[in-house]
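For the record, the sequence lines run as chains A and B. Residue numbers for the first sequence, in the working numbering: 5 to 116. Residue numbers for the second sequence, in the working numbering: 368 to 481. For every residue, glycine included, the Cβ atom is placed at its ideal position computed from N, Cα and C. Notes to accompany the following structure.
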Amino acid sequence: EDQVTQSPEALRLQEGESSSLNCSYTVSGLRGLFWYRQDPGKGPEFLFTLYSAGEEKEKERLKATLTKKESFLHITAPKPEDSATYLCAVRILTGGGNKLTFGTGTQLKVEL
Amino acid sequence: GAVVSQHPSWVICKSGTSVKIECRSLDFQATTMFWYRQFPKQSLMLMATSNEGSKATYEQGVEKDKFLINHASLTLSTLTVTSAHPEDSSFYICSAERSGLGQYFGPGTRLTVL
């Protein structure tokens, strides 16, 4: 069975305190791993797509990496505005076409 | 960046009535759109995949007669919650697949059924 697990469930950081969020997956036929940011009461905002092990992508204070079993979202020197829930999702090929399976998310709070 | 809109952003209705939610891709065409629901403090659960010009594919456990999906054009999909009940209260989010780039999400619709 395809599974996506994110850890930790919640993370509290001080401003400037770097850390990493984990997304581990067991799927067959991976066609991409996605990271999204979701603010309360809003839809997910696209951050990154990773397709193959060893791939890395960066955007401002965020960097996403991918291995064959997991992905990390590294946050360098976070600011309070980085507070949000970070979701990872894997895209798999099914009989009905591509679909995303989401992890449960990591709720990040960055404090001054 | 790709923009997906939803309307309405929130709706309150009486039990037994039907509610229609629209999802539009504003700056690209999407042959495939998706509908999710999200309960508080939980992740997104895929309800159905909507393909333009054909019937939607529903996930296991989702009642297709209760959640009617229509994808009439390459920029519009609608979800109708028929005979809504309080347990249908949730945050409904759509997404549109942009070829080669992945899914872009709408801002969500908060449905409250009294």
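DSSP bridge partner residues for residue i (one or two, in chain order)
| i | result |
| --- | --- |
| A/ALA93 | A/PHE38 and A/PHE106 |
| A/ARG16 | A/LYS113 |
| B/THR449 | B/THR449 pairs with nothing; no bridge assigned. |
| B/THR384 | Answer by DSSP bridge pairing: none, since B/THR384 is not bridged. |
| B/GLU454 | Beta-bridge pairing links B/GLU454 to no other residue. |
| B/GLN405 | B/PHE458 |
| A/THR69 | A/GLU60 and A/PHE76 |
| A/ALA81 | Note: A/ALA81 sits in no beta bridge, so no partner. |
Sub-9 Å separation of residue i and residue j beta-carbons
| i | j | result |
| --- | --- | --- |
| A/THR9 | A/THR108 | yes |
| B/LEU443 | B/ARG391 | yes |
| B/LEU468 | B/THR449 | no |
| B/GLN373 | B/PRO474 | yes |
| B/LEU478 | B/ASP455 | yes |
| A/LEU34 | A/LEU51 | no |
| A/ILE79 | A/LEU54 | no |
| B/ALA439 | B/SER385 | no |
| A/GLY36 | B/ILE460 | no |
| A/ALA81 | A/GLU13 | no |
| A/SER28 | A/THR110 | no |
| A/LEU70 | A/GLU62 | no |
| B/PHE458 | B/PHE401 | no |
| B/GLU419 | B/THR447 | no |
| A/PHE76 | A/SER24 | yes |
Residue span of the beta strand (DSSP E) that contains residue i, given as start and end
| i | result |
| --- | --- |
| B/TYR471 | 469 to 472 |
| A/GLN7 | 7 to 11 |
| B/PHE395 | B/PHE395 -> no beta strand (DSSP E), and no H or E assigned at all. |
| A/SER23 | 23 to 30 |
| B/ALA415 | 412 to 418 |
| B/VAL370 | Premise fails: B/VAL370 is in no beta strand (DSSP E) and is neither H nor E. |
| B/THR476 | 476 to 480 |
| B/SER308 | Absent from the model: residue 308 of chain B. The displayed extent of chain B is 368 to 481, so no value can be given. |
Amino acids of chain B, ordered along the chain, whose beta-carbon sits closer than 8 Å to that of residue i
| i | result |
| --- | --- |
| A/LEU91 | SER410 and LEU411 |
| A/GLY33 | In chain order: nothing, as chain B lies at least about 16 Å away. |
| A/THR108 | GLN409 and SER410 |
| A/GLY36 | GLY469 |
Reduced DSSP category for residue i - H, G, I as helix; E, B as strand; rest coil
| i | result |
| --- | --- |
| A/GLU49 | strand |
| A/ARG64 | Contrary to the premise, residue 64 of chain A reads as Glu rather than Arg in this sequence. Coil, per DSSP. |
| A/GLU59 | coil |
| B/GLU426 | coil |
Chain A residues whose Cβ lies nearer than 8 Å to that of residue i
| i | result |
| --- | --- |
| B/ILE460 | GLY47 and PRO48 |
| B/GLN396 | The contacting residues do not exist; B/GLN396 stays about 16 Å from chain A at best. |
Residues that residue i contacts on chain A, provided the C-beta gap is smaller than 9 Å
| i | result |
| --- | --- |
| B/PRO474 | GLY45, LYS46 and GLY47 |
Closer than 7 Å at the beta carbon, the chain A residues around residue i
| i | result |
| --- | --- |
| B/GLN470 | LEU104 |
Per-residue contacts from residue i into chain B (C-beta, under 7 Å)
| i | result |
| --- | --- |
| A/PHE117 | Given a span of 5 to 116 for chain A in the structure shown, any question on residue 117 of chain A remains unanswerable. |
Within chain B, partners of residue i - CB distance below 9 Å
| i | result |
| --- | --- |
| A/THR53 | LEU468 and GLY469 |
Any non-hydrogen atom of the ligand FMN closer than 8 Å to residue i Cβ
| i | result |
| --- | --- |
| A/TYR55 | With respect to small molecules bound, the structure shown includes none, and the ligand FMN cannot be examined in it. |
CB contact check: residue i to chain C, cutoff 9 Å
| i | result |
| --- | --- |
| A/GLN18 | Of the protein chains in this structure, namely A and B, none is chain C. |
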